[in-house]
Amino acid sequence: MSSSPPVPSYRPDIDGLRAVSIIAVVAYHAELTAFQGGFVGVDVFFVISGYLITGLLLKEHLGEGGLKLAGFYSKRFRRLLPAMLFCVAGVTLLWMLVARGVPEDTIRFAQSIPPALFGLANLHFKNRIGGYFDGQAAEIPLLHFWSLAVEEQFYLFWPPIILLLGLWARRRQRAFQREGFLRLVERALITICLLSFALAVFWVADESQRQEAFYLMPSRTWELGVGALLALRGLNKSLPPRRTPSWRVQGLALLGFLAILIPVFAYDHHTPFPGLAAAPPALGAALLIWIGGNRPDNGASRLLAAPFFVQLGLLSYGWYLWHWPLLAISKVLMLGETPPLWARLAGVTASLALAWISLRWIEPRYRHPGADALAPRQVVIRSLLTLLGVSVLAQSLPWIEKNLESPSFLRLAERADSRTDLFKPCHTVYENIGSHPCVLDPDSRVVKKPLIGLWGDSHAYAHFPLLESFSARSGTKSVLYSGSSTPGLLPSPDFFLISEKHTEDLRKYNEKVFADIARKVKDNAPEPVSIILISRWTAYTGKRPLSVIDETLFLDRRKTREGSLKVLRDSLEATLTELQKTGVHRILIGLPFPEYRYRVLRCARRGYVDCSLPREIFENHRQETVRALRETGERFPNVRFFDPVPLVCPTDSCPQTFADATGEIIPVVFDDDHPSVMMARKMGLQSEELLRWLIDETNVK
Numbered sequence: 015m016s017s018s019p020p021v022p023s024y025r026p027d028i029d030g031l032r033a034v035s036i037i038a039v040v041a042y043h044a045e046l047t048a049f050q051g052g053f054v055g056v057d058v059f060f061v062i063s064g065y066l067i068t069g070l071l072l073k074e075h076l077g078e079g080g081l082k083l084a085g086f087y088s089k090r091f092r093r094l095l096p097a098m099l100f101c102v103a104g105v106t107l108l109w110m111l112v113a114r115g116v117p118e119d120t121i122r123f124a125q126s127i128p129p130a131l132f133g134l135a136n137l138h139f140k141n142r143i144g145g146y147f148d149g150q151a152a153e154i155p156l157l158h159f160w161s162l163a164v165e166e167q168f169y170l171f172w173p174p175i176i177l178l179l180g181l182w183a184r185r186r187q188r189a190f191q192r193e194g195f196l197r198l199v200e201r202a203l204i205t206i207c208l209l210s211f212a213l214a215v216f217w218v219a220d221e222s223q224r225q226e227a228f229y230l231m232p233s234r235t236w237e238l239g240v241g242a243l244l245a246l247r248g249l250n251k252s253l254p255p256r257r258t259p260s261w262r263v264q265g266l267a268l269l270g271f272l273a274i275l276i277p278v279f280a281y282d283h284h285t286p287f288p289g290l291a292a293a294p295p296a297l298g299a300a301l302l303i304w305i306g307g308n309r310p311d312n313g314a315s316r317l318l319a320a321p322f323f324v325q326l327g328l329l330s331y332g333w334y335l336w337h338w339p340l341l342a343i344s345k346v347l348m349l350g351e352t353p354p355l356w357a358r359l360a361g362v363t364a365s366l367a368l369a370w371i372s373l374r375w376i377e378p379r380y381r382h383p384g385a386d387a388l389a390p391r392q393v394v395i396r397s398l399l400t401l402l403g404v405s406v407l408a409q410s411l412p413w414i415e416k417n418l419e420s421p422s423f424l425r426l427a428e429r430a431d432s433r434t435d436l437f438k439p440c441h442t443v444y445e446n447i448g449s450h451p452c453v454l455d456p457d458s459r460v461v462k463k464p465l466i467g468l469w470g471d472s473h474a475y476a477h478f479p480l481l482e483s484f485s486a487r488s489g490t491k492s493v494l495y496s497g498s499s500t501p502g503l504l505p506s507p508d509f510f511l512i513s514e515k516h517t518e519d520l521r522k523y524n525e526k527v528f529a530d531i532a533r534k535v536k537d538n539a540p541e542p543v544s545i546i547l548i549s550r551w552t553a554y555t556g557k558r559p560l561s562v563i564d565e566t567l568f569l570d571r572r573k574t575r576e577g578s579l580k581v582l583r584d585s586l587e588a589t590l591t592e593l594q595k596t597g598v599h600r601i602l603i604g605l606p607f608p609e610y611r612y613r614v615l616r617c618a619r620r621g622y623v624d625c626s627l628p629r630e631i632f633e634n635h636r637q638e639t640v641r642a643l644r645e646t647g648e649r650f651p652n653v654r655f656f657d658p659v660p661l662v663c664p665t666d667s668c669p670q671t672f673a674d675a676t677g678e679i680i681p682v683v684f685d686d687d688h689p690s691v692m693m694a695r696k697m698g699l700q701s702e703e704l705l706r707w708l709i710d711e712t713n714v715k
């Protein structure tokens, strides 16, 4: 290795490369159609960060003073924290002034602030919201902090590794030797990169683990590591500056550019990512950095070093921080709809202006503090205490919102949220199948009595209150079996839902449910046991939900719509056949419940939107699914159907709220498609005759 420093002096082309990255990311988030793969800009950022940070670390470690962790982390805090706090404070103020009003959204926002500030956003959002490309993710103001968290976690483990490798090299060589240390770091880094890349490919291959691959640092480390390898190799040794023909240098630079740009325009949210698909943009960025450090006279490097791109690159950190929250809040105000193009462009422009304010007046004061600067350790301690204080204060946002809101809206919100304490222990808890928390039993002293089992997904859970008053009036015991995205079916051989793991879990769960039903039929004799099957049937037949934030949930994404309907028919027929064989008395199939475009509380908060649903639209939406359910169920003599639509939509419109006897406004749904507790109770009172049929001992029909 040469004695030259691992990283050369200021590189304007790298700031230009930052500009290309941020343009791709912002254009993607602004939903400009051509930039459907713009999310790869983050991967370019990772390579740049790995290159610059590793160069600084090695330069310090090989210098006279050596690498000091406190000094390194204090510089990181000075670089990142001021703009970050400015952004979080501004977004919080904007949220409370403009977007507040829906308690669950504000609670979610407040809960996201501590992990965003402490570099844990990727873990938080992976566990709380699911996929980055899911519809509802676009309304979370601090979601983009996940990528900053990946970098911060890299900063946390990489400097100590360099220090440890330095100690190991010193012990092996009895005296510190620069060449031996760098070779050791290089081998360790190559090993880390290979393991990280293999993990990313492995996770992406399994659809159920793609969230881990996208969000988590171990599967992203190789991208930062590619940049680190560039810094480690010493750029002036990587490409002979004189002997390589100019045409080859120009060709390699163009190849690097295309490796970034083609994915930007060719990828979309269906691309399995990261894994192999992340290699072109990451390696393209590495190629541009590599060539630009040795032959800056090439066309690509000259373009990147142009003043426009350099200035945009200097603004890239602030622009990244601000652009997403403004776009997310605008989407919240639009109830999940994509704002018009002018509004998105206005948000992008405003975020760029805020980035300029941050770079001009906020960041310089802390990045270059002057002679009276605090010691590095004090900077670290005070920064951590500041982050802790802001995180604690953020948790008061729901309380502040509650005290600013009108009493009528708070009562509506309370009614919509009352589901959280009702039968919660039953939902998706396998060990509770048939146990006490999932049972309504008005008189437990009577051991044997008519029993009704409600079986299905989260819609079954939401419908369970319709059995409350009926159980009390009729002396009937009621049991709930429900799981998220778990329809009440014994799946046919072709059944496939979401992923192999989810499908297998569903099979095991429903087999346990069926076994418990069979056991109850036997133990409850001679009293009858009947079953109600309720699920969001349209979601399992390839039908895109009406909601603006829901994702399509196919019964099998590999099948046509007709194929998915056939799987539903076959699975339902098998389920009804087996239930009949076990001696189940009667079966009631709940037809699809109305689905709305918007969530009920957001509609109530934004009075400028008509949130009712034309009945004709929903009838058309569920038509094929209803036909499949009816044609299958009508072949069995002990099957009837429960249709909630006439109860919810008494006219040609389906309102989202209704007034009770006292004039209070009651939500029909607690989100956009699940009945609220009060609506479910109302449907129970209106369906007395049908529920009586379930426990009637007379002839079946």
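All you need for this note's numbering is the position in the sequence shown, starting with 1, plus 14. Positions of the beta carbon are idealized from the N, C-alpha and C atoms, including for glycine. Since the structure is predicted, the reported quantities are computational estimates derived from the model, not experimental observations.
Measuring straight from C-alpha to C-alpha, what distance separates residue i and residue j?
i: Ile376; j: His382; result: 11 angstroms
i: Asp686; j: Arg695; result: 18 angstroms
i: Leu329; j: Ile28; result: 13 angstroms
i: Arg619; j: Glu351; result: 15 angstroms
i: Cys663; j: Gly604; result: 16 angstroms
i: Cys440; j: Lys526; result: 14 angstroms
i: Phe322; j: Ala314; result: 14 angstroms
i: Lys557; j: Ala273; result: 36 angstroms
i: Ile548; j: Val640; result: 12 angstroms
i: Ala267; j: His75; result: 31 angstroms
i: Gly502; j: Phe672; result: 30 angstroms
i: Glu592; j: Glu630; result: 35 angstroms
i: Val54; j: Lys416; result: 40 angstroms
Can you find the residues in the same chain that come closer than 8 angstroms, C-beta to C-beta, to residue i, ignoring five residues on each side of it along the sequence?
i: Leu246; result: Pro20, Thr68, Leu72, Leu196, Val199, Glu200, Leu203
i: Leu661; result: Lys696, Met697, Gln700, Ser701
List the endpoints of the continuous alpha helix (DSSP H) containing residue i.
i: Leu699; result: 691-700
i: Lys526; result: 514-538
i: Ile343; result: 330-347
i: Leu465; result: Looking at the DSSP string, Leu465 is not in any alpha helix (DSSP H); the run it does join, the beta strand (DSSP E), is 465-470.
i: Phe216; result: 192-219
i: Gly313; result: 313-318
Can you name, in chain order, every residue of its own chain whose Cβ lies under 7 angstroms from the Cβ of residue i, other than the five neighbours on each side?
i: Ala97; result: Tyr331, Gly332, Leu335, Ser372, Ile376, Glu377
i: Ser252; result: Low confidence applies here, because Ser252 scores a pLDDT of 48, under 50, leaving its location unreliable and the question unanswered by this model.
i: His477; result: Leu468, Ile548, Gly604, Pro689, Ala694
i: Val393; result: Ser88, Phe91, Arg92
Below 6 angstroms CB to CB, which residues in the same chain sit around residue i once its five sequence neighbours on both sides are set aside?
i: Leu411; result: Thr120, Ala124
i: Ser23; result: none
i: Met231; result: Val164, Gln167
i: Pro26; result: Ala319, Val324
i: Ser161; result: Val56
i: Arg234; result: Val164
i: Asp584; result: Ser506
i: Val728; result: A question about residue 728 goes unanswered here, because the residues of the chain that appear run from 15 up to 715.
Could you tell me if residue i is buried or exposed, where buried requires 16 or more neighbouring beta carbons within 10 angstroms of its beta carbon?
i: Gly1; result: As displayed, the chain neither begins before 15 nor continues past 715, which places residue 1 out of reach and without an answer.
i: Pro254; result: Note that Pro254 scores a pLDDT of 49, beneath 50, so its modelled location is shaky and nothing firm can be said.
i: Trp182; result: exposed
i: Asn717; result: Nothing can be reported for residue 717, as the shown portion of the chain is limited to 15 through 715.
i: Ala387; result: exposed
i: Lys345; result: buried
i: Ala103; result: exposed
i: Ala48; result: exposed
i: Ser498; result: exposed
Could you give the C-beta distance for residue i and residue j, rounded to a whole number, given that I count them as a contact under 8 angstroms?
i: Ser578; j: Thr552; result: Not confirmed; about 11 angstroms, so no contact.
i: Pro277; j: Pro288; result: Their Cβ separation, rounded to whole angstroms, is 11 angstroms, which puts Pro277 and Pro288 out of contact at 8 angstroms.
i: Tyr229; j: Lys89; result: The pair is not a contact, with the Cβ atoms about 26 angstroms apart (cut-off 8 angstroms).
i: Ala732; j: Val240; result: Examination of residue 732 is not possible in this model, given that the chain is present from 15 through 715 alone.
i: Leu468; j: Leu481; result: 7 angstroms
i: Arg550; j: His635; result: No, Arg550 and His635 are not in contact; Cβ-Cβ is about 12 angstroms, not under 8 angstroms.
i: Leu560; j: Tyr610; result: 7 angstroms
i: Ile531; j: Thr589; result: With 8 angstroms as the limit, Ile531 and Thr589 do not qualify as a contact, their Cβ atoms being about 11 angstroms apart.
i: Leu340; j: Ala364; result: 6 angstroms
Between which two residues does the beta strand (DSSP E) holding residue i run?
i: Leu243; result: No beta strand (DSSP E) contains Leu243, which is instead part of the alpha helix (DSSP H) from 235-247.
i: Val493; result: 491-496
i: Ser544; result: 543-548
i: Gly80; result: Element bounds for Gly80: n/a, residue is neither H nor E.
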